[in-house]
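Scroll down for the structure; my scribbles are underneath it.
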Amino acid sequence: MRKTLLALLGAAAMTGAIAAPVSASTQETREFVGHGSSDFGLALFHARHDARTQAERAGFTDCEEYYKLVISPYSATVFWRCTR
């Protein structure tokens, strides 16, 4: 009886009747850090541009800014989390 059960399970596994669920698509998540400085108070703008450029070069388009550190209007850092 045990051999028959093992044979049936083996046959079912070979034909694909028993299979682990497979995700339709796998998502990749990556973080980018943008740094910016400006003599005119546009540091945050430059930091976001830096992070966006890094993400686009790596092929990521769906991004969110999850933290920003603005030390002064002249120096800023942003942290982006992107998925594709």
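Per mature numbering (1 follows the signal peptide of the UniProt record, and there is no 0): the sequence shown = residues -19 to -1, 1 to 65.
All residues carry an ideal CB built from backbone N, CA and C; glycine is no exception.
Computed from a prediction, not measured in an experiment: that's the story for all the values here.
| Asked | Found |
| --- | --- |
| Unbroken beta strand (DSSP E) run spanning residue 41, endpoints | Unbroken run through residue 41: none, as it is neither H nor E. |
| Unbroken beta strand (DSSP E) run spanning residue 10, endpoints | 10 to 18 |
| Candidates 11, 56 and 40: closest to residue 20 by CA position | 56 |
| Buried or exposed (CB count within 10 angstroms, at least 16 for buried), residue 43 | exposed |
| Same chain, Cβ closer than 7 angstroms to residue 16, neighbours up to 5 away in sequence not counted | 28, 31 and 58 |
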